[in-house]
Amino acid sequence: MTAQKEELFQERLRKYREAAGYESAKDFAMELGIPYSSYMAYENKKREPKYNVLMEIADKLGVTIDELLGYVPQNNDNNANRIINQYRAIGAIVSKNTIGKGFIVQIGPNRYRIESEEDLAFVYDITMREETLVNLTKQLQITFLEMELCKYGAF
């Protein structure tokens, strides 16, 4: 596995704003009820939003504050649950492998065995790294996810 560049808050904010359908930062600032200049300062690394604004942004974008901030809990159980929930959000079924270690990902009738939590996260991140894919429908996201799972290995 190769290390991926850590995404900055500003990059995540813009990515999630666009994924939520707000093409214009100005429109999103109006939706939040804050000045456009304040919002642009958040996307341009000049300011950080106060907590109440951060909560409002997360709510409007349909993400958690942790996702906006890029926080990944160190507790492995919580991290595994977060990753599993990302798969489930686009329609995949993920369960822990009862026979061996790792996970089983099921998409329709197809099942894929993933060896570790790290690989589970890696396959998802590889699939969703393209900004254009994040804006696609869940059906297209699941199709691209399945293509990555096929590269990883099916059983």
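Take -6 as the starting number for the sequence shown in our numbering and just add one per residue. We put the CB at the ideal spot given by N, CA and C, even for glycine.
Using three-state DSSP, classify residue i as helix, strand or coil.
| i | result |
| --- | --- |
| VAL56 | coil |
| ILE119 | helix |
| ILE107 | strand |
| ILE77 | helix |
| GLN(-3) | Residue confidence for GLN(-3) is low, a pLDDT of 41 falling below 50, so the modelled location carries little weight; the figure read from the coordinates is stated next. In this structure, GLN(-3) counts as coil in the three-state DSSP scheme. |
| SER17 | coil |
| LYS43 | coil |
| LYS38 | coil |
| TYR64 | coil |
| ILE50 | helix |
| ILE135 | helix |
| GLU141 | helix |
Can you find a CB in chain C that lies within less than 8 Å of the CB of residue i?
| i | result |
| --- | --- |
| LEU113 | Note that chain C does not occur in the displayed structure, where there is just one protein chain. |
With a CB to CB cut of under 7 Å and the five nearest residues on each side skipped, what residues in its chain are close to residue i?
| i | result |
| --- | --- |
| GLU141 | VAL116, ILE119 and THR120 |
| MET33 | ALA18 |
| LYS144 | none |
| SER109 | GLY95 |
| ALA73 | GLU110 |
Could you name the residues of the same chain whose beta carbon sits closer than 6 Å to that of residue i, not counting the 5 residues immediately before and after it, in chain order?
| i | result |
| --- | --- |
| ILE77 | VAL87 |
| PRO42 | TYR35 |
| ARG40 | ALA34 |
Give the DSSP bridge partners of residue i, in chain order.
| i | result |
| --- | --- |
| PHE96 | LYS89 and ILE107 |
Among residues of its own chain, excluding the 5 on either side of residue i, which ones have a beta-carbon nearer than 8 Å to its beta-carbon?
| i | result |
| --- | --- |
| ARG149 | Summary: the structure shown does not reach residue 149, with the chain confined to residues -6 through 148, and so no result is reported for it. |
Q) Does the stretch 42 to 62 come close enough to the stretch 2 to 12 to have 3 or more Cβ pairs within less than 8 Å? A) Touching, yes.
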